[in-house]
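Residue numbers (the numbering used here): -2 to 504. Cβ coordinates follow ideal geometry from the N, Cα and C atoms, glycine included.
Structural data, given as structure tokens:
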């Protein structure tokens, strides 16, 4: 209402001055310029305030509410306890911790850890994103940095004497200087952040702690990482099996689970999932149960949710009968060879289309490996090549369905060569001729192709029968597959997988 009255009054004054012969062009030009600046956000950005975000706005987040990140939580809490012990710091003459950097893949809980750090220290919590500091207008980013630290000091003064400043996407604000030759606003903003961090002292009445988060650690300017700025670098990795189980328990605590639900099995089937992925699994499973009108989540809902998170929603594709048979042969080849080499590894085989995949084999992990012996890598190559070889044996020809599988198999073969596990022994990729390394990788692929062909030729009847069941039913569970295939040849050895083998669309 006030804006409308002011606009009407200004228009009336302009009309009065115009009728009295005053030149209105300079006023109109100035008014138009101010309007454009206001619309672009330049003026608003200079007045922008970074107000503290109360914990209640998100629900109070504590370290006990975060699962799967025990090493990161332990290191972060040790840093926080050290930073808040003001008496010990002064007595021993210790330089206080000014910054903590959280680095790791997306979705691993870096923002939650920052909120928990604020709750752990009873501090005000101010959050910003690195992209909020970058503007085309010179000086705006630096002004925002100064305002952020000023607002943090004010929030600490009004609160318990301390505040946590959290900057997400720090690589946008703190990227290496000199990379933007045509625009020095990035460098000026980073310089202001460095100055602000240098101004933090242990004898300040208001204690400030800067927590940054990034998944591109390699892009950060070295000046940010030197001692006295970001003193602690905390790695927030993807959770292991036990960590995934803890995260699943947290995200299903408010959901009714059926008596047959095994979160341990779901944790084993989600190798490479982040906390955000696991939260999505629990949420999608609840949605599936709601659609079916059930009062609790069943194991089938969680397993289907895993497939949906990996591949996407089911698609209404209707391949021809010949295409469906080829897809079934391809997936049956993957599944049979996987069971032969690693008995009990397959949890489901399907020829239903999801996302970009026409079919899919899902596998369960017994443990999350950190090292990859040669036998594991060779088994991995064999399973990847099994789809194409199965098509050749059962149908007499291959198709483009195996294109993605073969590319991944070739990548593993190059890893074997580069790691010194091939017949070439320990090599330097910078010295050895590329043709020699490629030739060795081809030999690895040919050897595993011959191995897979021998396995499938002796089980052609099983391959055909499994294909027929898949065409009729579209899906087989791991137990049903094992009844068709029979026992494997050797003790169970798992190959690390982020996803199972799938059939890529033609073309």
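Counting C-beta pairs with one atom in each stretch, the segment 216 to 231 and the segment 93 to 105 have three or more that are closer than 8 Å, which means they touch. Assigned with DSSP and collapsed to three states, residue 436 falls in helix. With 16 or more other Cβ atoms from the protein chains shown falling within 10 Å of its own Cβ, residue 357 counts as buried. In this chain, the beta strand (DSSP E) harbouring residue 96 covers 96 to 100.
Three or more pairs of CB atoms, one per stretch, sit closer than 8 Å, so the segment 291 to 306 contacts the segment 236 to 254. CA-CA distance, residue 471 to residue 69, rounds to 43 Å. A residue is called buried when at least 16 other Cβ atoms come within 10 angstroms of its Cβ; residue 457 does not meet this threshold and is exposed. When DSSP states are grouped into helix, strand and coil, residue 463 belongs to the helix group. In this structure, 280 is the residue among 209, 220, 257 and 280 with its C-alpha nearest to the C-alpha of residue 244. The beta-carbon distance between residue 333 and residue 482, rounded to whole angstroms, is 6 Å. This is short enough to meet the 8 Å contact definition.
Boundaries for residue 171: no beta strand (DSSP E) harbours it, and the DSSP string shows neither H nor E there.
For residue 138, no beta strand (DSSP E) encloses it; the enclosing alpha helix (DSSP H) starts and ends at 137 to 155. Counting along the chain, residue 232 sits inside the beta strand (DSSP E) bounded by residues 227 to 232. As computed with DSSP, residue 209 is found in a beta bridge with 98 and 164.
Here residue 123 is bridged, per DSSP, to 162. Proximity of the segment 371 to 380 to the segment 434 to 445 meets the contact definition, three or more beta-carbon pairs being nearer than 8 Å. Per DSSP, the unbroken alpha helix (DSSP H) holding residue 326 starts and ends at 318 to 338.
The Cβ atoms of residue 121 and residue 172 do not sit closer than 8 Å to each other. Distance from the CA of residue 143 to the CA of residue 190, rounded to the nearest whole angstrom, comes to 8 Å. In this chain, residue 267 is not harboured by any beta strand (DSSP E), its DSSP state being neither H nor E.
With a beta-carbon spacing of about 11 Å, residue 273 and residue 65 fall beyond the 8 Å limit used to define contacts. Excluding residues up to 5 positions away in sequence, 356, 357, 471 and 472 lie with their Cβ nearer than 7 Å to the Cβ of residue 347 in the same chain. 8 Å or more divides the Cβ of residue 168 from the Cβ of residue 108. Take the alpha-carbon of residue 77 and the one of residue 420: they are about 51 Å apart. Residue 482 carries a helical assignment under DSSP once its states are collapsed to helix, strand and coil.
Taken through DSSP and simplified to helix, strand or coil, residue 302 comes out as helix. Nearest Cα to residue 398 within the set 383, 438 and 408: 383.
Put simply, the segment 320 to 331 does not touch the segment 297 to 310. Fewer than three CB pairs are less than 8 Å apart.
Between the alpha carbons of residue 345 and residue 478 lies a distance of about 8 Å. The continuous beta strand (DSSP E) containing residue 472 extends over residues 472 to 474. With respect to the C-alpha of residue 308, the residue from 337, 343, 267 and 316 having the closest C-alpha is 267. Rounded to whole angstroms, the gap between the alpha carbons of residue 261 and residue 242 is 6 Å. Contact between residue 123 and residue 162 is confirmed by a C-beta separation of about 5 Å, below the 8 Å threshold. For residue 311, the beta-bridge partners assigned by DSSP are 351.
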